[in-house]
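Comments concern the structure below.
There are 6 protein chains.
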Amino acid sequence: MKISARNALKGTVKAIDVGAVNTEVVVEVAPGVEITAVITKSSAERLDLSVGKEAYAVVKASDVMMAID
Amino acid sequence: MKISARNALKGTVKAIDVGAVNTEVVVEVAPGVEITAVITKSSAERLDLSVGKEAYAVVKASDVMMAID
Amino acid sequence: MKISARNALKGTVKAIDVGAVNTEVVVEVAPGVEITAVITKSSAERLDLSVGKEAYAVVKASDVMMAID
Amino acid sequence: MKISARNALKGTVKAIDVGAVNTEVVVEVAPGVEITAVITKSSAERLDLSVGKEAYAVVKASDVMMAID
Amino acid sequence: MKISARNALKGTVKAIDVGAVNTEVVVEVAPGVEITAVITKSSAERLDLSVGKEAYAVVKASDVMMAID
Amino acid sequence: MKISARNALKGTVKAIDVGAVNTEVVVEVAPGVEITAVITKSSAERLDLSVGKEAYAVVKASDVMMAID
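Residue numbers (our numbering), protein chains in the order written: chain A, -1 to 67; chain B, -1 to 67; chain C, -1 to 67; chain D, -1 to 67; chain E, -1 to 67; chain F, -1 to 67.
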């Protein structure tokens, strides 16, 4: 499947924290650059995500904000 | 201001494309790793974003999806 | 690519309306059931979307609200 | 209340899974076409959602992505 | 329609700025407290929004971030 | 940090409800006007949010919908 979301950053799963409905996944997309996702527990299971696995962090452009110091 | 959004990736603005209401901003957060944001034109102006400027791409964890090949 | 987004509804593109930065796409996922997406113009071009083409409307579960009459 | 969200798909609640803060709701909007929502537990209670009840899945157009095979 | 979105703040439309696909709407929900929405142009037209009109700014709780000084 | 999100409403934390992965925070931005946020538990801890503390509810304009009676 090819998706319209502008951002699909390839990386490695660093941590997974499972809750009742949601699961938090941390993926390192470059050395020292991590992105945290909160997805449903069933989605995490369906993708069979585990620490060390290659995965993409996918973000729609309209969900990205900009900030400056 | 310190924000709850889990993801604030520091980078350099690579491109800005201005529309009627929205503006698209591309920021490079690591060599070859780019994130695209669509924000309101007035927000881009308020932050005074320009190509080459340092900026953060900020994303709430619940807006990040995971994908695998 | 296999994505964590819980909702990927297959359908047919019914209409496309192109703006300066964004494009609005209407996809029919069942007879009389339509979903409208606003994506960046460049994403619509990258997917080569056109009226009559098969496509999926993809939505993260945390972006869906419920309502009753 | 009449809302700006472009997508309000009428259907029947098929499943409800209650967590600590969030609740997952599955609604069938056409035969075989299901949409999953994650809403706060208190919102699910306020709407008095239960399996078999008629309900709408509501999605803002800017939260819908497109994908192709 | 009764919606699951936790936040529905009643106010008065202060400004409307129409783009090609999107429209920006500013609503004052308390004296000096304004919320800006970007919705599709067709949604703004469907609601017949105009300056001075009463309207609600509706936000899903998972789309709200917290920040401190 | 100065963020592009158009909406940053200052208020007082009224309630905090902690779940396994997520935490729900209610902030009063004007007398009788409350906004509810669902953020990750670790973000709530990082901001050291507590009832009575001053905080901002931050919302991207593209995540705000409009509604009328």
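All C-beta atoms, glycine included, are put in the ideal place defined by N, C-alpha and C.
Given the structure is predicted, the values throughout are model-derived calculations rather than measurements.
Say whether chain F places a C-beta atom closer than 8 Å to the C-beta of residue i.
i: Val19(D); result: yes
i: Leu7(B); result: no
i: Thr34(E); result: yes
i: Asp67(A); result: yes
i: Val27(E); result: yes
Would you say residue i and residue j are within 8 Å of each other, going by their C-beta atoms?
i: Gly17(E); j: Val19(B); result: yes
i: Met64(C); j: Ser2(E); result: yes
i: Val11(F); j: Lys51(F); result: yes
i: Ala28(A); j: Ala59(B); result: no
i: Lys0(A); j: Leu45(C); result: yes
i: Asn5(B); j: Thr34(A); result: yes
i: Ala53(F); j: Val25(F); result: yes
i: Val62(D); j: Ala55(C); result: yes
i: Val31(C); j: Val31(D); result: yes
Counting along the chain, where does the beta strand (DSSP E) carrying residue i start and finish?
i: Leu47(C); result: Where Leu47(C) is concerned, there is no enclosing beta strand (DSSP E), given that its DSSP letter is neither H nor E.
i: Met64(D); result: 63 to 66
i: Ala28(E); result: 20 to 28
What residues match up with residue i in a beta bridge as DSSP calls it?
i: Ala6(D); result: Val56(D)
i: Lys0(A); result: Ile66(D)
Are the C-beta atoms of residue i and some chain C residue less than 8 Å apart?
i: Met64(A); result: no
Check whether chain A comes within 8 Å of residue i, counting only Cβ atoms and requiring the distance to be less than that.
i: Ala13(B); result: no
i: Ser60(B); result: yes
Under a CB-based cut-off of 8 Å, is residue i close to chain E?
i: Ser2(B); result: yes
i: Ala42(D); result: yes
i: Val31(F); result: yes
Hey, is residue i's beta-carbon within less than 8 Å of any beta-carbon in chain D?
i: Glu22(F); result: yes
Check whether chain B comes within 8 Å of residue i, counting only Cβ atoms and requiring the distance to be less than that.
i: Thr38(F); result: yes
i: Val57(A); result: yes
So is the beta-carbon of residue i under 7 Å away from any non-hydrogen atom of the ligand FAD?
i: Ser60(D); result: Looking at this structure, you won't find the ligand FAD or any other ligand, since it has none at all.
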